[in-house]
Amino acid sequence: MSRHFHLVGITHIDLAWKRGFAEMAELLEMSVVWLLDALERYPDFKYTLEQVAHYRALAPRRPDLVARLAPHFRSGRLEFAGGLASTLELNLPHAECLVRNQSLGLRWLRDTWGIAPATAYTVDTFGHPAQLPQVFRQFGFTHLLTSRGGGELPEDLFHARGLDGSTVLVACWHTYGAYVKPQNIAEIFYADWSTVDPLLDKAAALRGPGPYLVIPYTENEAPISRRAFDLAAARAHSHPDETWHVSTPADFFHALDASPRPLPTVSADLNPEFTGCFSNRIALRLRNRAIETLLLDAECAGASAATLDAAWWDLAHVQFHDVLTGSHPTPVYHEAMALLDRAEAAAHASLGCSPSAPLHVFNALPWPRREWLSLPNGYSLPFDLPACGSVPFTPQSSAILENEF
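Residues are numbered in this note's numbering as their position in the sequence shown, beginning at 1, plus a constant of 2.
Here it is in structure tokens:
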């Protein structure tokens with residue numbers, strides 16, 4: 003019986019990390035130029051893209067490149083995995099930030115290329131909170147491609163069950179756990195031919211029942227190489243018991259769904275010890291918490307979604323996992339803080355546009371509160387506020403009526 007290997011090429015380019023946002027955008031542009039050349043020269047070539055914020059920034063600079071990518075999505079030779087605006091750090095931001103991040107990215111992909119990603123994607127992020135299956139299922143995802151698992155996770159393919167019982171089928175590589183058995187996934191982070199050449203032998207050593215996911219993975223300055231794809235074509239000729247497919251994540255998961263093999267179900271808390279970088283640049287994370295709360299408060303106050311879109315895009319850049327965790331040089335830190343300043347100004351501008359009378363007093367916290375509020379006319383009054391709710395106030399009247407949010 004033939005063993006089926008799915009070769010899925012992925013390049014992860016940071017929004018910012020060792021270099022600033024503009025310099026990383028230039029690297030992304032160079033990568034897209036090379037990728038388009040490969041797609042147009044080699045009809046069997048497929049590849050996977052990620053992080054919508056890159057392409058949103060690319061569109062006004064190079065609309066020609068964005069237009070040239072479109073037919074390759076339609077033909078199935080390109081897949082946009084996940085559709086997140088950025089692969090944000092998931093341990094630190096408010097859970098609603100994941101929802102906004104995902105919503106922004108999906109909307110841009112729909113409006114720009116008319117596509118809807120088939121696979122959720124959190125590769126290279128540190129956090130894997132147990133609520134992820136619930137969130138992803140509500141966006142229509144049933145499969146998740148990820149990395150950096152932790153704990154005592156022994157498998158690389160499994161169902162992850164969330165807090166509400168929702169499940170997603172997960173392919174996870176590059177784990178921090180000491181007990182993982184790489185039975186089904188082979189991945190190599192390559193920078194040149196010498197580092198990518200062992201990948202196929204690593205894949206052939208897998209002893210799971212298949213299908214197998216084989217990932218030539220590169221980041222940032224390392225260019226995309228056809229080397230692994232050429233080696234796979236040669237190996238397919240020399241090993242008649244192996245079938246090699248140039249694939250996308252959706253292709254692999256489709257083959258996995260068609261397989262009768264049983265898979266274990268584990269807790270979706272995939273990195274319970276919070277392995278990652280969380281101690282650097284505390285001021286950035288404190289500022290992020292204040293601004294994300296302010297944006298959510300502005301939404302509670304009835305701010306138009308369109309007026310806050312730009313602020314949420316700024317927050318998506320700041321919450322990118324290698325920015326929010328603080329593992330970057332000082333110039334990147336200052337860039338991130340400036341983005342937070344801009345988001346704060348947008349939130350305050352939105353809040354300042356509310357009518358002067360009547361007033362609504364909002365409580366964005368998930369518990370009831372009694373607070374004294376200073377009104378614009380100089381008076382202070384007590385308000386009993388329901389959890390995640392509001393009360394109306396008309397200055398000409400002393401009545402306070404509860405209104406469930």
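Glycine included, C-beta positions come from ideal geometry on N, C-alpha and C.
Would you grab the beta carbon distance between residue i and residue j for me? Rounded to a whole angstrom, and I think it's under 8 Å.
i: W36; j: I217; result: 18 Å between Cβ atoms; not a contact.
i: F160; j: P266; result: 5 Å
i: D259; j: S4; result: Between S4 and D259 the Cβ distance is about 19 Å, and since that is not below 8 Å, they are no contact.
i: E294; j: L317; result: 6 Å
i: L202; j: R237; result: 6 Å
i: N186; j: L215; result: 6 Å
i: F230; j: L9; result: Correcting the residue type first, residue 230 is Ala in the shown sequence and not Phe. So it is a contact: roughly 6 Å between Cβ atoms.
i: F280; j: T332; result: F280 to T332, Cβ: 18 Å. No contact.
i: A83; j: T50; result: 5 Å
i: V101; j: V137; result: 7 Å
Just to confirm the assignment, what range does the alpha helix (DSSP H) spanning residue i have?
i: R263; result: Careful: R263 lies outside any alpha helix (DSSP H) and carries neither H nor E.
i: P333; result: 332-353
i: E91; result: That residue, E91, is in no alpha helix (DSSP H); it is neither H nor E in DSSP.
i: W195; result: 195-198
i: E301; result: 284-302
i: S240; result: 229-240
i: L201; result: 201-206
i: L326; result: 323-326
Quick one: using the 10 Å Cβ neighbour count with 16 as the cut-off for buried, is residue i buried or exposed?
i: N282; result: exposed
i: T89; result: buried
i: P95; result: buried
i: H239; result: exposed
i: G167; result: exposed
i: P251; result: buried
i: Q53; result: buried
i: Q321; result: buried
i: R112; result: exposed
i: S382; result: exposed
i: H323; result: buried
i: G142; result: exposed
I need the DSSP call for residue i, collapsed to helix, strand or coil.
i: T245; result: strand
i: A83; result: coil
i: P65; result: helix
i: S77; result: helix
i: Y214; result: strand
i: A389; result: coil
i: F47; result: coil
i: P357; result: A caution first: P357 carries a pLDDT of 45, below 50, which makes its placement in the model unreliable, though a value can still be read off. P357: coil per DSSP, three-state reduction.
i: F23; result: helix
i: T395; result: It is worth fixing the name first, because residue 395 is Phe in this sequence and not Thr. Three-state DSSP puts F395 in a strand.
i: F254; result: helix
i: E221; result: strand
i: S382; result: strand
i: L17; result: coil
By the DSSP assignment, the beta strand (DSSP E) with residue i in it spans what residues?
i: T408; result: Outside the displayed range of the chain (3 to 407) lies residue 408, so it cannot be described from this structure.
i: R371; result: 371-376
i: L9; result: 5-9
i: E189; result: 187-191
i: S269; result: 267-269
Determine, for residue i, whether the minimum Cβ-Cβ distance to residues of chain C falls below 8 Å.
i: V101; result: You won't find chain C in this structure, because it holds only one protein chain.
Let me check you understand the geometry: is the CB of residue i closer than 7 Å to at least one non-hydrogen atom of the ligand NAP?
i: I187; result: Absent from the structure shown: the ligand NAP. Ligands present: none.
Could you tell me which whole beta strand (DSSP E) segments of length 3 or greater appear in the stretch 93-176?
Those beta strand (DSSP E) runs which fall completely within the stretch 93-176 and span 3+ residues are 122-124, 145-149, 159-163, 169-175.
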